[in-house]
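Trainee: Please read through the structure below; I'll follow up with questions.
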Amino acid sequence: MGGVIARFVDSGYKAYYVRASNDEKDGANSYARNDIINLKETRDGIRILGMEDVISLNWRNDFMNPIPLNELREQLIFLIRKYRPDVVLGHNPWEHYQKNPDHRNVARALVEAYWLAGYDTVHPEHFKLGLKPHAAAHFYGKGRLDWGLGQISNVALELSDSQVQKKERALAAHRNVYHDPGAKRAVQDRLAAMGMYVPELDGLNGDDASDLILHWWMNWVSRDIGKKAGVKYAEDLYHMDAQYHLPGLKAYIEANARKMP
């Protein structure tokens, strides 16, 4: 999603990042230290993408199955009404084989909030705080392509070289989660068992090799999606708009709409 966020920011949008869980289990430190480090690195990453701020809801990481989903959904409805976005971007709640419980629960709550935030009969108590109903024009849902079947996307957004670079740098900023100095040895051992090696890893220390391997992975994803879309780089997502629930009307408008004289 980082590349698409960079593209929106480059187009003049303001973007905010909602951190639903506290990420306490992502990293090799204690729960509290992981939370603190990951929040700092999240702020580092969003600055690279040009985003405005991180909004933390602080639900406990990987313990979101038993939480009241309506409470999480209300928090997201409140934020949509407060910030009044044109675009809501998150995980695709209908992707296949999503094993991460936080991704599943936040995705479901988010797409429901995207739909319900525009109704004045939903949480009218918000209006006492000066908020008003707000229906965002677009929802983009992202799925993991490396877990099972992955999602069935319906749109690919082209990315520029600089947007891909920002995406890679933003992910690499999450060193507590993604930095792996042992990756070099693991790759080299696996290749050696097949009588092969990668020259680019020779002479690199574990830290630099980890950064290079992360770049290879992320760049390949952007290139692979771009190739399928007929461009150099892209991200694919599941897109809904104001006419999503009226496919016949949308098809008619696309086929018959004309420019005004």
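This note's numbering applies: residue 1428 is where the sequence shown begins, and numbers increase by one. For each residue, glycine too, the CB sits at the ideal point set by N, CA and C.
1) Work out the CA separation of Glu1451 and His1421 for me, nearest whole Å.
2) Return the first residue and the last residue of the beta strand (DSSP E) that Lys1569 is part of.
3) Can you give me the start and stop residues for the alpha helix (DSSP H) that Val1431 sits inside?
4) In chain order, what residues of the same chain lie with their CB nearer than 8 Å to the CB of Leu1631, ignoring the 5 residues before and after it?
5) Can you confirm whether the stretch 1643-1653 touches the stretch 1558-1570 when touching is taken to mean that 3 or more C-beta pairs between the two stretches lie within less than 8 Å?
6) Taking Cβ to Cβ, would you say Tyr1443 is nearer than 7 Å to Glu1479?
7) Whole angstroms is fine: what's the gap from Val1533's alpha carbon to Val1515's?
8) Between the Cα of Met1459 and those of Asn1488, Val1431, Ala1447, spot the shortest distance and give me the residue it belongs to.
9) Can you tell me the Cα-Cα spacing of Pro1626 and His1642, whole angstroms?
10) Which complete alpha helix (DSSP H) runs does the stretch 1595-1644 hold, if anything under 4 residues is left out?
11) Under 8 Å: do the stretch 1542-1551 and the stretch 1517-1534 share three or more Cβ pairs, one atom per stretch?
12) With DSSP run on the structure shown, which of helix, strand or coil describes Ile1504?
13) Taking a contact to mean a Cβ-Cβ separation below 7 Å, would you say Ala1669 touches Ala1583 in this structure?
14) Just to confirm before moving on: does the CB-CB distance between Leu1503 and Ala1540 stay below 7 Å?
15) From the DSSP output, which residues share a beta bridge with Asp1668?
16) Quick one, are the C-beta atoms of Val1538 and Pro1520 less than 7 Å apart?
17) So, at 6 Å on beta carbons, what are the nonlocal neighbours of Asn1485 in its own chain, with the 5 sequence-adjacent residues on each side left out?
18) In the DSSP assignment, what are the bridge partners of Ile1482?
19) In angstroms, rounded to a whole number, what distance separates the CA positions of Lys1654 and Ser1580?
20) Return the bridge partner residues of Leu1499 from the DSSP annotation.
21) First and last residue of the beta strand (DSSP E) that includes His1523?
22) For Asn1514, write down the residues that DSSP places opposite it in a beta bridge.
23) If you draw a straight line from the C-alpha of Ala1678 to the C-alpha of Ser1637, how long is it?
24) Nearest-angstrom Cα distance between Phe1435 and Ala1620?
25) Spatial neighbours of Lys1441 within its chain, please: CB distance less than 6 Å, with the 5 preceding and 5 following residues excluded, ordered by chain position.
26) Skipping 5 residues on each side, what residues in its chain have a beta carbon closer than 8 Å to that of Tyr1660?
Mentor: The answer reads as follows:
1) Because the chain here runs from 1428 to 1688, residue 1421 falls outside it and cannot be looked at.
2) 1565-1569
3) 1429-1437
4) Lys1611, Leu1639, listed in sequence order.
5) The stretch 1558-1570 is not in contact with the stretch 1643-1653.
6) Their beta carbons are under 7 Å apart, which means Tyr1443 touches Glu1479 by this criterion.
7) 13 Å
8) The sequence given here places Ala at residue 1459; Met does not occur at that position. Per the Cα distances, Asn1488.
9) 16 Å
10) 1602-1605, 1610-1619
11) No: fewer than three Cβ pairs fall under 8 Å.
12) helix
13) no
14) At a Cβ-Cβ threshold of 7 Å, Leu1503 and Ala1540 count as neighbours.
15) His1565
16) One thing to note: Val1538 has its Cβ within 7 Å of the Cβ of Pro1520.
17) Asn1449
18) The partner list for Ile1482 (beta bridge, DSSP) reads Val1445.
19) 15 Å
20) For Leu1499, which the question treats as bridged, DSSP gives no partner whatsoever.
21) No beta strand (DSSP E) holds His1523; DSSP gives it neither H nor E.
22) Checking the sequence shown, residue 1514 turns out to be Val, not Asn. Note: Val1514 sits in a beta bridge opposite His1565.
23) The C-alpha of Ser1637 is placed about 47 Å away from the C-alpha of Ala1678.
24) 44 Å
25) Excluding sequence neighbours, Lys1441 sits near Glu1479.
26) Gly1430, Glu1585, Leu1586, Ser1587, Asp1588, Gln1590, Val1591, Ser1649, Arg1650, Ile1652, Gly1653
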